[in-house]
Amino acid sequence: MDVLRRPPADPAFRADVLAGLTAPIRAIPARWLYDRRGSELFEAITQLPEYYPTRADTALLEQHAAAVAEIVGTGDVVVEFGSGSSTKTPILLRATSPAAYVPVDISGDFLRESSAALQSIFPDLPLYPVEADFMRPFQLPDAVAQKTKLGFFPGSTIGNMVPGTAVDLLRAMRQTLGVGSFLLIAMDRVKSVETLLAAYDDSQGVTAEFNLNLLHRINRELDGSIPVGAFRHRAVWNDGFSRIEMHLEALRDVRFEVDGCAFEMRAGETIHTENSHKYGRRDARLLLTAGGWTVTNEWTAEGDSFAILLARA
Ligand code: AVI
58 MDVLRRPPAD PAFRADVLAG LTAPIRAIPA RWLYDRRGSE LFEAITQLPE YYPTRADTAL
118 LEQHAAAVAE IVGTGDVVVE FGSGSSTKTP ILLRATSPAA YVPVDISGDF LRESSAALQS
178 IFPDLPLYPV EADFMRPFQL PDAVAQKTKL GFFPGSTIGN MVPGTAVDLL RAMRQTLGVG
238 SFLLIAMDRV KSVETLLAAY DDSQGVTAEF NLNLLHRINR ELDGSIPVGA FRHRAVWNDG
298 FSRIEMHLEA LRDVRFEVDG CAFEMRAGET IHTENSHKYG RRDARLLLTA GGWTVTNEWT
358 AEGDSFAILL ARA
């Protein structure tokens, strides 16, 4: 009966989970962490005392949005990659007084919710939400075609991609926005391993819950029997790749099924669930250059702990 009531699983989720659990080094793409519960838990992470990136990003925007506006000029079009946040987006829109705002997201639901919220704060601002996968170039609305574009990618989300994918994204953004456009992008910096580990393995266990939620999601949506209590969250600094990795580690030998397929893991084996790359000053510039962008300005938080960069295509 339960099986009959369960909504059909997303085929891409099923494919990624089955392939990821079968691979010699088990890994599931981080995007599956964000179901409704996962998104709520990520929101809670952003409020944690140990999780500095959101506060640093917001503070840098508050301090430097006016300087961005001076460089870019007014009457541009802000194109945000992601459906926009209720705190960061208004800071940029207030400072730059754009001719229009174009939020882009693959999820129509998120896009509609955040666009409605934003329109109530800026009732006179022309808003053109675009439902698209921004990892590939896409067509901007005709109404904004002739204006200068300011791409906006806050949150250091680019760090969740391996460098090759990050460069592909930057190139896609350049193609979407066009030559002469600007990009304002946040990137987290390399810093002490202690600070990084605390940010990704917080004392309240919220990040652990966020990571373990993936196993609950697999059990629920893919008819899984994973003993979630037999796994623990692990955050690891991988110095060679300059990234924090999140893993789910089996605490004992386990056997389980997912979608009718049997799996076994030995105690100590892990499922790799997320990368969060940290870039030094030169690394960040090199990444943007490889993506077709020239960095024109850079603002950093205290102790060079976080950066927002302005670049030109
Ligand atoms: C969304 N992204 C920028 C977060 C990060 O810091 O890499 C995701 C996250 N994972 C664990 N904590 C936060």
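Residue numbers (our numbering): 58 to 370.
Positions of the beta carbon are idealized from the N, C-alpha and C atoms, including for glycine.
The DSSP-derived three-state label of residue 190 is coil. According to DSSP, residue pairing for residue 357 in a beta bridge involves 364.
Contact between the stretch 203-212 and the stretch 69-82 is absent: fewer than 3 CB-CB pairs across the two stretches fall below 8 Å.
Burial check for residue 202: the Cβ neighbour count within 10 Å stays below 16, so the residue is exposed. Cβ neighbours of residue 169 within its own chain (closer than 8 Å, five residues either side excluded): 186. Setting aside the 5 residues that flank it on each side, residue 149 is surrounded in the same chain by 118, 122, 135 and 209, each with a C-beta closer than 7 Å to its C-beta; the list follows chain order.
The Cβ atoms of residue 137 and residue 110 lie no closer than 7 Å to each other. C-alpha of residue 179 to C-alpha of residue 341: approximately 33 Å in a straight line. Within the same chain, and ignoring the five residues on either side of residue 94 in sequence, the residues whose Cβ sits closer than 6 Å to its Cβ are 270.
Spatial neighbours of residue 174 in its own chain (CB-CB distance under 7 Å, excluding positions within 5 residues in sequence) are listed in chain order as 143.
For residue 305, same chain residues with a beta-carbon under 8 Å away, outside a window of 5 residues either side, are 268, 269, 271, 272, 288, 289, 290, 291, 327, 328 and 330 in chain order. Restricting attention to alpha helix (DSSP H) runs no shorter than 4 residues, the stretch 231-319 encloses them at 250-257 and 263-278, ordered along the chain.
Each of 182, 308 and 354 was checked against the Cα of residue 284, and the nearest Cα belongs to 308. In the three-state scheme derived from DSSP, where H, G and I count as helix and E and B as strand, residue 346 is classed as helix. Per DSSP, reduced to three states, the secondary structure at residue 132 is coil, with no helix or strand assignment. DSSP, reduced to helix, strand and coil, places residue 333 within a strand of the structure shown.
Of all C-beta pairs linking the stretch 250-270 to the stretch 363-370, fewer than three are shorter than 8 Å, placing the two stretches out of contact. When secondary structure is reduced to three states using DSSP, residue 208 falls in the strand class. Annotation: residue 97 to residue 87 spans about 15 Å, alpha carbon to alpha carbon.
Shortest gap from the CB of residue 275 to any heavy atom of the ligand AVI: 6 Å or more. Residue 182 and residue 146 have their C-alpha atoms roughly 13 Å apart.
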